[in-house]
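A.B. asks: Below are the structure tokens for one structure; questions will follow.
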Amino acid sequence: MEPQYDVVIAGSGASGLGMAVRLLKQYPSIRLRLIEKATGPGGTWFHNTYPGCGCDIPSHFYSYSFEPKGDWSKAFALQPEIHEYFSGVANKYNVPSITTYSTAVSKAVWDEDQSIWTIHTKHNDGSETEVTARCFVSAVGGLTEPNDYKLPGLETFQGDVFHSARWNHYISLTNKNIVVVGNGCSASQFVPVIAPQVNSLTQVVRSAQWYMPQPKFPHGDVFKWIMMNVPWALRGYRFFLFVLLDLQFSMFMLGNWWGEKLRNRVTQDTLKHMRDHTPEKYHDIVLPNYLIGCKRRVLDSGYLDSLHRENVELTNKRLVKATEKSMVLEDGSEVPCDVLIVANGFRVQEKLHGMKIYGKGGIEIQDHWNQIGGVGSYQGTLLSSFPNFFLILGPNTATGHHSVIFTSECQISLSLKLIHPILSNYCTSVQVTPEAEINDIQWLQRKLKRSVWLGGGCSSWYQDEKGRNTTLYPDPQWKYWVRSVVPQMRHFEFKGGEGKGGVGEMMWKVGKAWTGFWAIVPGAAGTPPTHPAVQRPRKSHSSILTATFSSKMPPGPYADPSSTLDSDFEFIDREVTDGNNHGSFPEYIINEQPMFSPRPLRIITLGAGASGLNMIYQLRKYDTENLITHIVYEKNHDIGGTWLENRYPGCACDIPSHAYQFSWAPNPDWTSYYPGAVEIYEYFKRVAVEHDLLRYVQLNHKVAGAEWNEEERRWEIEVEDTTTGERVSDWCDVFINGSGVLNNWKWPAIEGLKSFKGNMTHTATWDTKREAEFLDGKNVAVIGNGSSAVQLVPSIQPRVETLSHFFRTPCWITAGYAPQHAGPDGANFQYSVEQKAKFRENPEEYLKYRKEIEGELCQRFKFAIKDSPEQREAREFSEKEMKTKLKGDPRLTELLIPTFAVGCRRPTPGNGFLEAIVQENTIVINNPIVRVTERGIVTRTPEGGEEEHVFDTIICATGFDVSFSPRFPIIGQHNTDLRSIWGLKNAQGEDTGAEGYLSLAVPNFPNYFFFMGPASPVAHGSLLPCIEHVSHYLLKLIKRLQTENIRSLSPQQDATDDFNAHAQLFLKRTAWATHCRSWFKNGRKNGPISALWPGSRIHYFECLANVRWEDWEMGYAGDVVRDGKVVKRGNRFGVLGNGFVRREVEEGHDLTWYLNPGYDDVGTD
């Protein structure tokens, strides 16, 4: 039996990722698969995200030798940067495309007859599957699974509880009473960060720790420049750090003169630091009574100084129980507690984290360890009776002083030496001999007995329950490195090849000059030799398939596109001419694949807001054969789009929460009828995590340019890292723009705007940290009266000294969308605990409620028709409500109540807005703004004079650039920039309006699609159902591109013109065409209504239900392109392939489906 993979790796942390990259660099054609239980790469740096989380190894040595990083922002890096580094490495080598996330290995079984591992996996959703491989690598790590914590009464505690390794960022700690259990590395990092924001922090100490002063390593811009630009500087510095770290080892061994002297010196320096920085009242609790190094030393990054804070208390009295609102100590005293944070470490001694590994003869790995006297392995990497199984960071590979990355690279180097003869067919299996395994373990345990780790007078996570150290390596790392570089070949058994001597000789010929030395030499960085192909027995294929379909996925976003394997059929050298002076063309030949065989596609989506997240979900659901590589570039530091960016006070959605959610991710726990921005963001974030969407997203990357390559039939994409400014090239078959229209905010065009000396901000860039500085007790101006201003004004009015509201155009302040289900007078309300429980427990009832709200939204279109009964009713109701809330004030009534139809501008639900502007500290100013000065705003008086208004803060609520014109060049066919088409001006200098096809495509831009483009139903209700319908439509296009020999799709110009002619004529019937200035018309009072769909939402959904293929221009495989023009069309019937369909050549298909009951002439199976 031929296995599915050459190598399967469990885990994509630092070790698994390093192993994967080394394999990919050395064997480009390898069949490799990683299996990762988390939703993204990074291992411990993915899971541990607590405030202040960082590394205690110098940054420049906490990186791979083959991917050194010279521009670390800190000498000791923090988690975000470390995780970004590992994610960047993963993306550079396209590792996510060969990784199965949200999946854990549950069991692996060795088949001695076949020399194959069968690996059983379990997905987070409970589904199970299995894969086979020639080699299996465990790289699961030790610092990922947190220890359990049990405390009597905890089930009745009404506060929040979480482990530091699973930090709950949704829980605010501000002004809360916090109890922390533990004082090791994690607690010492997050306590000084959270202490300033909490009301009280009580830390329960389990045992004393050695808190060392953080070493001062060189850093700064000059140092970074040297590391990045001076040859050998980074390599030399890494070697310096290697030596410096390894010189510490002797202090951990007992009975060594130099080690004793070094340990005493370090002990004295550390005690002085601790006494100098710890309050004297805590000395008895904090100062250790065991040898330094017995436990993992802790770098003090401000922890001891934080103990001086009045709101921080340290105790060594253990917790005995929890009450509803407090924690009880062993002396009976109670500590008020809103949040309990457990920092009690990890399940380090639980090796392999529950994986069951069965080797030769069916022996389970735990039984093997019992037979040899305890957990152990040869060099922490191999076990007898477990062929082709490799442990990275296995037993006794950690150190108390060095970089775990270096250790793992040593193990990777050793493993690659042993894997190579297997992949090269010199042998079928390799394992360490039982004698070598036992001797190595016994030597290691004997030496450990002479170390502080066993003789230092403490208990630690280094030891198992029997006091046996199964964690640390008792030798300097340079010795471990030598043992990895120069393996003892007599320690290994090879099966199925040329025997020990032949295999050993082959290994040295291949690898001694590079993989044995340069690949892991401290500080080195380079590329090991490449072995062009992995040798394996030839597969047996059906005689029907004379050409093999490539399963290799395209490379990562930073790879050379020319290296991609394509599934297109190859042209042979035969040529014909067309007689039209276009030269010769390849002769048409049969595509030797069954009809409708899918090809690999590479798709790039721009933006990880609602559109991007939905596209990830829908595309993954469609791609059952894993032939699509999908990458989403997001310019921000997190997902969420407009709901991440907009955080001004009062920011909320005017659509009911239960209608503003994905149909595939209903949320019965919305807290209010109209949700706030933070809760919407949290919903999208939770959905992204629960559905494993984040692994497709590249944060802090924006698309800077896109150009269609007509000859290659693909998009060339330029991507910019927003944190470094670095630009790289990527490519895709399909480019999808999901960035939305409300994300490119703009300052108002007012003279002197930048001259203002006070606080100035825009609602779309609100700084929540400086909110009090901007608002409390200040004289504040708000410019604009769109949705943002209407939400902002009532939220800040009670906080400011005075509030002046400047606006140009009146607007209809209406009840919210779907007001029949809202509170009194359409007001917002909070859902009760009982209501949310009812939604959760009765899905059918919850669906009925959702459908009622959605049904009300679907009927709103009627009032958008000019002079309709519904329009008259809406106008009468809104006018009456506004006059009532304005208390009949004639000036405000004249200024604020419009003369145009309701809906001409997007109706603005304004709970509390009208009530706020009639307060004594609020003034409404409609006079034109002339300019902004250093002190405030100058307006034109009715008499023609000028008046200056002085302010502390000016807030611009002036909206977004809604021209649809992209912010970066998008170059389509004929070298046409989309910005030039959608940015055309008329004689008056006004934009003529953007036009597209059905809101999702534009002529002459093949394979470029977008969400909510020109002519979308953006004024009709919730956009999320619209987004889902667009994605379903796009999947139909993608399926055609993938399975029908089609390489490009773009709407025809005449079809687009016809659609827009109909749209503009119809839209004259609507309220949107009445005389008002609206973003639907790109800020004009009159002109084309470019933003809106010519019909209802239901009308839009029905229109997108089927693709009008007659409207589309198609390019086929085999098209001959000369000078950017197609001079000869490919054969559109190339899709017919080799005369068979896939159901005939693949097992498990019904070949007589047409006889099934219920099948008719128009049915399909």
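Our numbering applies: residue 15 is where the sequence shown begins, and numbers increase by one. All C-beta atoms, glycine included, are put in the ideal place defined by N, C-alpha and C. Since this is a predicted model, take the numbers as computed values, not measurements.
(1) Measure the C-alpha to C-alpha separation of I385 and I452 and round it to an integer number of angstroms.
(2) In the structure shown, what three-state DSSP assignment does P883 receive?
(3) With the cut-off set at 8 Å, would you say V151 and M33 are in Cβ contact?
(4) Could you tell me whether the region 797-815 touches the region 634-647, where touching means 3 or more Cβ pairs closer than 8 Å?
(5) Within 10 Å of its beta-carbon, does D345 have 16 or more other beta-carbons around it, so buried, or fewer, so exposed?
(6) Evaluate the contact criterion for the region 152-161 versus the region 53-66: three or more CB pairs, one atom per stretch, below 8 Å.
(7) Mind checking who P1108 pairs with in its DSSP beta bridge?
(8) Does the Cβ of I1112 have 16 or more other Cβ atoms within 10 Å, making it buried, or fewer, making it exposed?
(9) Could you give the C-beta distance for L627 and A702, rounded to a whole number, given that I count them as a contact under 8 Å?
(10) For the alpha helix (DSSP H) containing W271, list its first residue and its last residue.
(11) For P1, which residues of its own chain have a beta-carbon under 7 Å away from its beta-carbon, when the five flanking residues on both sides are left out?
(12) On the three-state DSSP scale, how would you describe M1026?
(13) Based on DSSP bridge pairs, tell me the residues matched to K136.
(14) Should V244 go down as buried or exposed, given a rule of 16 or more other Cβ atoms within 10 Å for buried?
(15) Out of E908, Y476, E1161 and T421, state which residue places its alpha-carbon closest to the alpha-carbon of V496.
(16) Which two residues bound the contiguous alpha helix (DSSP H) that contains G32?
(17) Is K7 near T117, with beta carbons less than 8 Å apart?
(18) Going by C-alpha to C-alpha distance, which of K649, W745, A679 and R1143 sits closest to E734?
(19) Restricting to runs no shorter than 3 residues, where is the beta strand (DSSP E) found entirely within the region 632-688?
(20) If we count Cβ pairs, one from each stretch, closer than 8 Å, do we get three or more for the region 1011-1028 versus the region 976-988?
(21) Short check: CB of A147 to CB of Q18, under 8 Å?
(22) Look at the Cβ atom of A624, then the Cβ atom of G800, and state whether they are nearer than 8 Å.
(23) When we look at the beta-carbon of W678 and count the other beta-carbons within 10 Å, is it buried (16 or more) or exposed?
(24) Roughly how many whole angstroms lie between the Cα atoms of R277 and S129?
(25) Output the boundary residues of the beta strand (DSSP E) element that contains N1074.
(26) Around the Cβ of E862, are there at least 16 other Cβ atoms within 10 angstroms (buried) or fewer (exposed)?
(27) Tell me where the beta strand (DSSP E) around S347 begins and ends.
(28) Specify the secondary structure class of L157 as computed by DSSP and reduced to three states.
(29) Here's the rule: buried if 16 or more other CB atoms are within 10 angstroms of the residue's CB, otherwise exposed. What is S26?
(30) Taking 8 Å as the limit between beta carbons, can you name the residues of its chain near E848, skipping five residues before and five after?
(31) Considering only the alpha carbon of each residue, which of T53, K876 and H183 lies closest to D139?
(32) Report all residues from its chain with a CB closer than 6 Å to the CB of S1045; omit the five preceding and five following residues, and keep chain order.
(33) Taking the beta carbon of M267 as the centre, do at least 16 other beta carbons fall within 10 Å, making it buried, or is it exposed?
(34) Can you round the beta-carbon distance between Q203 and C67 to whole angstroms, since I take them to be within the 8 Å contact cut?
(35) Let me check understanding here. Comparing Cα to Cα, which of P689, L658 and L1118 lies closest to A778?
(36) Residue range of the beta strand (DSSP E) that L405 falls in?
C.D. replies: Based on what the coordinates show:
(1) Residue identity check: residue 385 is Gln in the sequence provided, not Ile. Their Cα atoms are separated by approximately 11 Å.
(2) helix
(3) yes
(4) no
(5) exposed
(6) Contact holds: three or more Cβ-Cβ distances are below 8 Å.
(7) Residue pairing by DSSP places P1108 opposite no residue, since no beta bridge is assigned to it.
(8) exposed
(9) 6 Å
(10) W271 to H291
(11) In this structure the chain extends from 15 to 1179, so residue 1 is not present and cannot be described.
(12) coil
(13) DSSP lists A118 and E142 as the beta-bridge partner residues of K136.
(14) exposed
(15) T421
(16) A28 to Q40
(17) An answer regarding residue 7 cannot be provided, because it is not within the stretch 15 to 1179 covered by the chain.
(18) K649
(19) 642-647
(20) yes
(21) yes
(22) no
(23) exposed
(24) Distance between the alpha carbons of R277 and S129: 49 Å.
(25) That residue, N1074, is in no beta strand (DSSP E); its alpha helix (DSSP H) goes Q1067 to L1081.
(26) The sequence given here has Lys at residue 862, not Glu. Exposed: under 16 other Cβ atoms inside 10 Å.
(27) Premise fails: S347 is in no beta strand (DSSP E) and is neither H nor E.
(28) Coil, per DSSP.
(29) buried
(30) Around E848: no qualifying Cβ.
(31) Nearest option by C-alpha distance: T53.
(32) N628, M629 and Q632
(33) buried
(34) 6 Å
(35) L658
(36) F403 to L405
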